[in-house]
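*Asks:* Here it is: the structure, laid out below.
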Amino acid sequence: MKKWVIFMLFFLLSLGLLKAKIDVDLFGYFESQIMGVNIHKEFIGLFSNKLRLDLKSEIANNITFAANFNCLLYHGKTEWNILDFLPDSAVAEVPEGMESYYLFPFSDRYYLDNAYIKFAFKYFDFIVGKQQISLGTGYVWNPVDIFNVKDYLDPTYEQPGHNALRIDVPLGSTFTLTALYGPEDTWSASAKLIQIKGRIGRFDFAFIAIDKSWLFHDYVEFDTDIMNFTELPEKRQLLGFSTAGELFGIGVWVEYAYNWMEETDDFYELVVGADYTFDFQTYVMVEYYRNTLAKSNYEDYTLNDWLRLMTQEQKAIARDQIYVLLQHPVSDLISLGLSTIYCISDNSMGLIPALNYSLSENVEIMVYLNFNIGKDGKAYAKTMGRGGMIRVRVYF
Amino acid sequence: MKKIIISVLVIIALMVPLLPGQELSGDDIIKKVNELFNVESGYAKSKMIIVTTSGSKRTFIYESWQKNKGEKNLVRYLEPRRVKGQAVLMLNNANDIWMYFPRTQRVRKLASHAKKQKMQGSDFSYEDMGSGDSFLEDFNTKRLKDEKLEGKDCYQLELTRKPDSDLSYSRLVMWIIKENFVPVVIDYYDEKDPTHLEKRLVESDIRIIDNIPTAMKIVMYNKNDNTQTVMELLEVRYNIKLDDSMFTERGLKK
Chain A
9 MKKWVIFMLF FLLSLGLLKA KIDVDLFGYF ESQIMGVNIH KEFIGLFSNK LRLDLKSEIA
69 NNITFAANFN CLLYHGKTEW NILDFLPDSA VAEVPEGMES YYLFPFSDRY YLDNAYIKFA
129 FKYFDFIVGK QQISLGTGYV WNPVDIFNVK DYLDPTYEQP GHNALRIDVP LGSTFTLTAL
189 YGPEDTWSAS AKLIQIKGRI GRFDFAFIAI DKSWLFHDYV EFDTDIMNFT ELPEKRQLLG
249 FSTAGELFGI GVWVEYAYNW MEETDDFYEL VVGADYTFDF QTYVMVEYYR NTLAKSNYED
309 YTLNDWLRLM TQEQKAIARD QIYVLLQHPV SDLISLGLST IYCISDNSMG LIPALNYSLS
369 ENVEIMVYLN FNIGKDGKAY AKTMGRGGMI RVRVYF
Chain B
304 MKKIIISVLV IIALMVPLLP GQELSGDDII KKVNELFNVE SGYAKSKMII VTTSGSKRTF
364 IYESWQKNKG EKNLVRYLEP RRVKGQAVLM LNNANDIWMY FPRTQRVRKL ASHAKKQKMQ
424 GSDFSYEDMG SGDSFLEDFN TKRLKDEKLE GKDCYQLELT RKPDSDLSYS RLVMWIIKEN
484 FVPVVIDYYD EKDPTHLEKR LVESDIRIID NIPTAMKIVM YNKNDNTQTV MELLEVRYNI
544 KLDDSMFTER GLKK
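Protein chains in written order, with this note's numbering: chain A, 9 to 404; chain B, 304 to 557.
Written out as structure tokens, the structure is:
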């Protein structure tokens, strides 16, 4: 109830500012979505309605304020049992009597996101507040981005904002030095990032170093003090680089990050990608991803591996994967796509046919289906269900 | 002062071919057209209306800036809301392209093959929008028989793609108004089949802006898809002062 009051206040304030003719740009979108999956011969559906209200204002010369408020309401099957989607071998690891802890609730949310002030000085930009942090050149996976994890079903969907102080200093016309501080309880637990990004010839390069506290959970142990699974925090230090450019007319990108972990094993992630647009407008992209934190044999996947994947504590459960995207505009308003994710490590595969339709200038419809082809226990197992999503988005 | 000098030079350059008894070669004519297209710097606010096969329309409004005779280009969308804030930076005559997506604040580098992609689903490709000195560098020019088009005396040129060029058109045929060197019609032929007409561009409503004849309306007809895109210039300024920092990733994200 309290959140609704905050939302209404935000909305009324926005309208008030508009009415007062203060130079505020008010925009956003409404999104209605149906997501369904057929699991154990039963169809379960989750419906959601999201309203995102954006405010942007140049409050003074070279000072910009931006924020958005999001209202996300769910109905339908709003509590999913994660164990329904897992292989028998992982479910067997659940301690007796703890089955009810593996329910994932989709709760209504009202939240302020991306609320920041940007100061654009002559020699640098300074951004303070909750902001987007987008790192790396990969399309589905970004080894150097430890702030976000993309969903392979919908990799271009916007990411949540992160509290940070960020400074971007242009060094000449081709290089930029970025320093970012993501405050937490203590200096040690806070995220620190430094990046140098630039262009050499036809290639963009970025070298990046990050120090961040990382939180794994042990999903077979429950901590009654915090009433959650046992927390296993540790320090994560990352050194990486990314590049994007062109070779023989083909777009190419590489992203690599080595992670030094305080407690667990060090690991690295690597992405190598390429894309091309044919004369007949068909676009094709291939991306290879390796993550040595993940397992190379599917028989070694544990309950912790599955849960850490689902909660985005780690980006993959299988070590080597390939993503292929084919996209073609069948008309000026409709685009068809087919994504395939193939797990080299366990020989399983997911197919994601998709359709985008521009219903009108500010209304778009997106539909995708998801079919997994793989044996039980593998990364893209048939038993994990077949599903899909329909999303209608109206921009205002 | 510099602006006045440039304007006078442009006028003189345009008047030179009008001197009696002087016959211009195809190369001379295409150089004049190139000068007209690629002013030192410029700003435009444009409306782009895409007419689809079903007859429905999509309208986009965007601002664009160009510098170094079209070598650097920046396009930023104002409308519709769906794409507001999206921006495209094209450097080195659109050989290097970056796209900015405001909702994710992500900048994506695109390889030169992306030039072939339609700009927001229109009949203009990125290549059509920011090709700099392409007429001179990518084509060999041949003058054809002069013709009268819509009551105007026109030069007719055939531009054939050079073997080392990676441009998407095998050849172009242009009709250029003798009086002001504005190409009123450009036919674009298929990359592989030089006899297959792919697109036709028609320029009209020519006005003198900052002493430069400017087509305020440009229509691209796509003969393959039977669609068309109308581009109307709502505001144009030439030879304005633009800082190089505009044409960087920082400028792209502004």
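The C-beta atom is built at its ideal place from N, Cα and C for all residues, glycine as well.
Could you check if Arg510(B) is buried or exposed, using at least 16 other CB atoms within 10 Å of its CB as the buried criterion?
*Replies:* Along the second sequence, read from residue 1 onward, the residue named residue 510(B) stands at position 207. Result: exposed.
*Asks:* From which residue to which residue does the beta strand (DSSP E) around Val45(A) run?
*Replies:* In the first sequence, the residue the question calls residue 45(A) occupies position 37. Unbroken beta strand (DSSP E) run through Val45(A): Val32 to Ile47.
*Asks:* Less than 6 Å separating the Cβ of Gly180(A) from some heavy atom of the ligand NAP?
*Replies:* The ligand NAP is absent from the structure shown, which contains no ligands of any kind.
*Asks:* In whole angstroms, give me the CA-to-CA distance for Ile42(A) and Asn341(B).
*Replies:* Locating residue 42(A) in the first sequence gives position 34, counting from the first residue. Locating residue 341(B) in the second sequence gives position 38, counting from the first residue. Those two C-alpha atoms are separated by around 50 Å.
*Asks:* Can you confirm whether the region 219 to 228 of chain A touches the region 305 to 315 of chain A when touching is taken to mean that 3 or more C-beta pairs between the two stretches lie within less than 8 Å?
*Replies:* With a cut-off of 8 Å, the region 219 to 228 of chain A and the region 305 to 315 of chain A count as touching, because enough Cβ pairs lie within range.
*Asks:* Assuming Ser428(B) contacts Lys418(B) under a Cβ cut-off of 8 Å, what Cβ separation, rounded to an integer in Å, is found between them?
*Replies:* As a first step, residue 428(B) must be located in the second sequence, where it is residue number 125. As a first step, residue 418(B) must be located in the second sequence, where it is residue number 115. About 6 Å; that satisfies the 8 Å criterion.
*Asks:* If we define contact as Cβ-Cβ less than 7 Å, is Pro151(A) a contact residue for chain B?
*Replies:* For the purposes of this step, residue 151(A) is taken as the residue at position 143 of the first sequence. So no, Pro151(A) is outside the interface.
*Asks:* Assign Val338(A) to one of two classes, buried (16 or more other C-beta atoms within 10 Å of its C-beta) or exposed (fewer than that).
*Replies:* The count along the first sequence starts at 1 and reaches residue 338(A) at position 330. Exposed, because fewer than 16 other Cβ atoms sit within 10 Å of the Cβ of Val338(A).
*Asks:* Rounded to the nearest angstrom, what separates Val476(B) and Leu504(B) at their Cα positions?
*Replies:* One-based indexing of the second sequence puts residue 476(B) at position 173. One-based indexing of the second sequence puts residue 504(B) at position 201. Taking C-alpha positions only, Val476(B) is separated from Leu504(B) by approximately 10 Å.
*Asks:* Quick check on Ala252(A) - is its C-beta less than 7 Å from some C-beta in chain B?
*Replies:* One-based indexing of the first sequence puts residue 252(A) at position 244. For Ala252(A), the answer is yes, since a Cβ of chain B falls inside 7 Å of its Cβ.
*Asks:* Can you give the Cα-Cα distance for Tyr458(B) and Tyr403(A), rounded to whole angstroms?
*Replies:* Position 155 of the second sequence, counted from the start, is the residue given in the question as residue 458(B). Position 395 of the first sequence, counted from the start, is the residue given in the question as residue 403(A). Their backbone Cα atoms lie some 47 Å apart in a straight line.
*Asks:* Does Ser415(B) come within less than 7 Å of chain A when only Cβ atoms are used?
*Replies:* Stepping through the second sequence from its first residue, residue 415(B) is reached at position 112. Answer yes: the Cβ-Cβ gap between Ser415(B) and chain A drops below 7 Å somewhere.
*Asks:* Where in the region 449 to 520 of chain B do unbroken runs of the alpha helix (DSSP H), each at least 4 residues long, occur, reported from the N-terminal end onward?
*Replies:* DSSP runs (the alpha helix (DSSP H)) wholly in the region 449 to 520 of chain B: none.
*Asks:* Given this structure, state the Cα-to-Cα distance separating Tyr524(B) from Ile333(B), to the nearest angstrom.
*Replies:* Numbered from 1 along the second sequence, position 221 holds the residue referred to as residue 524(B). Numbered from 1 along the second sequence, position 30 holds the residue referred to as residue 333(B). Approximately 22 Å, taken between the alpha carbons.
*Asks:* Out of Val378(B), Ile352(B) and Thr355(B), which one is the CA nearest neighbour of Thr551(B)?
*Replies:* Walking along the second sequence from the start, residue 551(B) turns up at place 248. With distances taken between Cα atoms, Thr551(B) lies closest to Val378(B).
*Asks:* Mapping the DSSP letters down to three states, classify Thr391(A) as helix, strand or coil.
*Replies:* By 1-based counting over the first sequence, the position of residue 391(A) is 383. Correct three-state label for Thr391(A): helix.
*Asks:* Excluding the 5 residues flanking Leu500(B) on each side, which residues of the same chain have their C-beta closer than 7 Å to its C-beta?
*Replies:* Within the second sequence, the letter at position 197 stands for residue 500(B). Once the five neighbours on either side are set aside, the close Cβ partners of Leu500(B) are Asp490, Tyr492 and Lys526.
*Asks:* Within this structure, are the beta carbons of Ser40(A) and Val375(A) separated by less than 7 Å?
*Replies:* What you label residue 40(A) is simply residue 32 of the first sequence in a count that begins at 1. What you label residue 375(A) is simply residue 367 of the first sequence in a count that begins at 1. The answer is no: Cβ separation not under 7 Å.
*Asks:* Quick one: is Asn299(A) buried, meaning 16 or more other Cβ sit within 10 Å of its Cβ, or exposed?
*Replies:* Locating residue 299(A) in the first sequence gives position 291, where the first residue counts as 1. It is buried - the Cβ of Asn299(A) has at least 16 other Cβ atoms within 10 Å.
*Asks:* Given a cut-off of 7 Å, decide if Ser344(B) and Ile479(B) are closer than it, judged by their beta-carbon atoms.
*Replies:* Here residue 479(B) corresponds to residue number 176 of the second sequence, with the count starting at 1. Here residue 344(B) corresponds to residue number 41 of the second sequence, with the count starting at 1. Cβ distance not < 7 Å, so Ile479(B) and Ser344(B) don't count as in contact.
*Asks:* Write down the C-beta distance between Gly44(A) and Gly358(A) rounded to the nearest angstrom, noting that I regard them as a contact closer than 8 Å.
*Replies:* Within the first sequence, the letter at position 36 stands for residue 44(A). Within the first sequence, the letter at position 350 stands for residue 358(A). Contact flag wrong, Cβ pair sits at about 16 Å.
*Asks:* Which stretch, first to last residue, makes up the beta strand (DSSP E) that contains Asn527(B)?
*Replies:* In the second sequence, residue 527(B) corresponds to position 224, counting from 1. DSSP places Asn527(B) outside any beta strand (DSSP E), giving it a letter other than H or E.
*Asks:* Pull up the distance between the alpha-carbon of Asp384(A) and that of Ala326(A), whole angstroms please.
*Replies:* In the first sequence, the residue the question calls residue 384(A) occupies position 376. In the first sequence, the residue the question calls residue 326(A) occupies position 318. Straight-line Cα distance between these residues: approximately 14 Å.
*Asks:* In the DSSP assignment, what residue or residues form a beta bridge with Gly345(B)?
*Replies:* Against the second sequence, residue 345(B) aligns to sequence position 42. DSSP output for Gly345(B) lists Gln369(B) and Tyr541(B) as bridge partner(s).
*Asks:* Please state if the CB of Gly206(A) and the CB of Phe183(A) are separated by a distance shorter than 7 Å.
*Replies:* Taking the first sequence and counting its residues from 1, the one referred to as residue 183(A) is at position 175. Taking the first sequence and counting its residues from 1, the one referred to as residue 206(A) is at position 198. Yes, these two residues count as a Cβ contact at 7 Å.
*Asks:* By Cβ distance below 7 Å, which residues in the same chain neighbour Gln531(B) in space, the five residues on each side in sequence not counted?
*Replies:* Residue numbering aside, residue 531(B) sits at position 228 when the second sequence is read from its first letter. Excluding residues within five positions, the ones whose Cβ falls inside 7 Å are Val354, Asp426, Val522, Met523, Tyr524 and Asn525.
*Asks:* Assuming the contact rule is C-beta atoms closer than 8 Å, Lys556(B) and Val410(B) should be a hit. Round their C-beta distance to whole Å, please.
*Replies:* Position 253 of the second sequence, counting from 1, holds the residue named residue 556(B). Position 107 of the second sequence, counting from 1, holds the residue named residue 410(B). That belief holds up - the Cβ atoms of Lys556(B) and Val410(B) are roughly 7 Å apart, short of 8 Å.
*Asks:* Would Gln531(B) pass as an interface residue toward chain A - the criterion being a Cβ-Cβ separation below 7 Å?
*Replies:* Along the second sequence, one-based indexing puts residue 531(B) at 228. Cβ-Cβ to chain A under 7 Å: no for Gln531(B).
*Asks:* Which residue from Asp354(A), Tyr165(A), His336(A) and Asp274(A) puts its Cα closest to that of Phe288(A)?
*Replies:* Numbered from 1 along the first sequence, position 280 holds the residue referred to as residue 288(A). Closest option to Phe288(A), Cα to Cα, is His336(A).
*Asks:* What residues from chain A crowd round Gly424(B), counting only those whose CB sits closer than 8 Å?
*Replies:* For the purposes of this step, residue 424(B) is taken as the residue at position 121 of the second sequence. Per Cβ cutoff of 8 Å: Pro337, Asp340, Leu341 and Ser366.
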